[in-house]
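Residue numbering for the sequence shown follows this note's numbering, starting at 15 and increasing by one per position.
All C-beta atoms in this analysis are idealised placements derived from N, C-alpha and C, irrespective of residue type, glycine included.
Bear in mind that the values here come from a model prediction, so they are computed numbers and not experimental data.
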Amino acid sequence: MQNVSIRQAQETEYALVTAFYSSVGEVVVPAKDEIILIANINQKIVGAIRLCREEGILVRRTLNVLPEHQKQGIGSRLFLAMDAIIGGETCYHLPYAHLQKYYESLGLRTISPSELPPHVHERFLTYSKSFSVIAMRSN
15 MQNVSIRQAQ
25 ETEYALVTAF
35 YSSVGEVVVP
45 AKDEIILIAN
55 INQKIVGAIR
65 LCREEGILVR
75 RTLNVLPEHQ
85 KQGIGSRLFL
95 AMDAIIGGET
105 CYHLPYAHLQ
115 KYYESLGLRT
125 ISPSELPPHV
135 HERFLTYSKS
145 FSVIAMRSN
């Protein structure tokens, strides 16, 4: 594996973050108040994860790694680096269902959608119309 650096994206890099997400099929427009961690190889973004505080609740969103860099531990490093920022605070996540065991291995636990905060539950219902997603949380 090449030398990967993990760091927080600066607001001046948000256009690059948006372009990265677009390259993996995601539409993301970063908000000024969210935390975005990026994985870089040779000054190129190869992975990213977002942390948003929504209505006082932490929500981990859009962990992605370029396909050619997957299965190298980059996603796990991004996830765990974000965990260090989250600390012991409760954080929710709505991953694809086929990734359940992966996220459980990183310390999340599967919960009933009814346990989600109302606004996150609404997003879960919206996502569920198009994708097989599950509700998870830390702490």
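Whether residue i touches residue j by CB criterion (9 Å)
i, j, result
"H133", "I71", "yes"
"S152", "D97", "yes"
"L65", "I100", "yes"
"H83", "I63", "no"
"P109", "I148", "yes"
"I59", "F34", "yes"
"R21", "E48", "no"
"S90", "L120", "yes"
Limits of the unbroken alpha helix (DSSP H) element including residue i
i, result
"L139", "P132 to S142"
"I100", "I88 to I100"
"Q114", "Q114 to S119"
In DSSP terms, what residue i is bridged to
i, result
"L72", "R67 and C105"
"Q22", "L51"
"G61", "A53 and V79"
Local conformation of residue i per DSSP, three classes
i, result
"L31", "Here residue 31 is Val; the residue named in the question, Leu, does not match the sequence. Note: V31 maps to helix in three-state DSSP."
"S161", "Nothing can be reported for residue 161, as the shown portion of the chain is limited to 15 through 153."
"A149", "strand"
Inter-residue CB distance, residue i and residue j (contact presumed, cutoff 8 Å)
i, j, result
"V42", "T32", "6 Å"
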